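Residue numbers (the working numbering): 122 to 387. All remarks here apply to the structure that follows.
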């Protein structure tokens, strides 16, 4: 994640860097609270499936594209569907961690901002998981979707009845998409490279993966994007420091006072 520093990036690059031990404890604490909170949402299987049918019916009523169409594209190639499963299983946490580490080392002010935004979105998502348990589309019968990770591998989930490490009924909102979108926005704001807009490929690819593998509905990503937009409304990025501007005096104006001094001396 290397990027060329320009004058507009000075505020983010020269701000005081938070203490590393404090940040590690803070991030680890937030992660443990989130994992514990997800466990509190387990045990609502019936409600999760009822909500899943409501979401599916609402998407069809709203004429959103069918998740089945995206999955059909992946299923044309075993290599493609396995790559999508691998992306879902391995990119989410490492990419977010690398994003925060890079900001911490290169843009401390932007790091604090990004960490606050991610914490706010994750906290709001946890509330959503508690009050709106949702079975992912891979579990919903009658849609034609399959669990691509279970069929083709690799899979990060076991059977819901024996999976004690994750809450599989926490599909909405999709933190896979929310975090990916924040990563792209954070890198676009914190850098000035002409290529920085290519970071938007990450959330775009993440969206296709989570939908095509039947791990999330379109609506999960829409709600995650709305929560992120709300968080960014109240948590603004650090202001870019503009370079000092030295006024340029036209040569003719600079010469006139000199002529007056010479005339006075005569």
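From the three backbone atoms N, C-alpha and C, an ideal C-beta is built for every residue, glycine too. Owing to the predicted nature of the structure, the values given are computational and were not obtained by experimental measurement.
Residues of its chain near residue i, where Cβ-Cβ distance is below 6 Å and the 5 sequence neighbours each way are ignored
i: residue 124; result: Only weak support exists for where residue 124 lies, its pLDDT of 46 falling under 50; the coordinates are left without a value.
i: residue 358; result: 234 and 310
i: residue 220; result: 304
i: residue 217; result: 300
i: residue 277; result: 210
Contact belief for residue i with residue j at Cβ below 8 Å, rounded distance in angstroms
i: residue 210; j: residue 294; result: Actually they do not touch by this definition, with Cβ atoms about 20 Å apart.
i: residue 356; j: residue 237; result: 5 Å
i: residue 303; j: residue 348; result: Not a contact, Cβ separation roughly 10 Å.
Other residues of its chain near residue i: CB distance less than 7 Å, five sequence neighbours each side excluded
i: residue 196; result: 202
i: residue 273; result: 199, 202, 203 and 206
i: residue 366; result: Low confidence applies here, because residue 366 scores a pLDDT of 46, under 50, leaving its location unreliable; read the following figure in that light. So no residue of the chain qualifies.
i: residue 224; result: 231, 232, 235, 307 and 311
i: residue 329; result: 191
i: residue 141; result: none
Residue j beta carbon less than 7 Å from that of residue i
i: residue 242; j: residue 352; result: yes
i: residue 292; j: residue 337; result: yes
i: residue 345; j: residue 307; result: no
i: residue 321; j: residue 305; result: yes
i: residue 266; j: residue 342; result: no
i: residue 256; j: residue 170; result: yes
i: residue 213; j: residue 297; result: yes
i: residue 138; j: residue 215; result: no
Candidates the options: closest to residue i by CA position
i: residue 208; options: 169, 269 and 347; result: 269
i: residue 154; options: 358, 319 and 245; result: 245
i: residue 166; options: 260, 264 and 329; result: 260
i: residue 192; options: 225, 231, 258 and 221; result: 258
i: residue 264; options: 190, 168 and 138; result: 190
i: residue 168; options: 290, 144 and 221; result: 290
i: residue 222; options: 360, 144, 277 and 354; result: 144
i: residue 262; options: 360, 183, 177 and 141; result: 177
Other residues of its chain near residue i: CB distance less than 8 Å, five sequence neighbours each side excluded
i: residue 339; result: 180, 185, 186, 188 and 332
i: residue 253; result: 172 and 293
i: residue 383; result: Only weak support is given to the placement of residue 383: the predicted model assigns it a pLDDT of 48, under 50, and the value that follows is read from those uncertain coordinates. No residues qualify anywhere along the chain.
i: residue 318; result: 309
i: residue 174; result: 261
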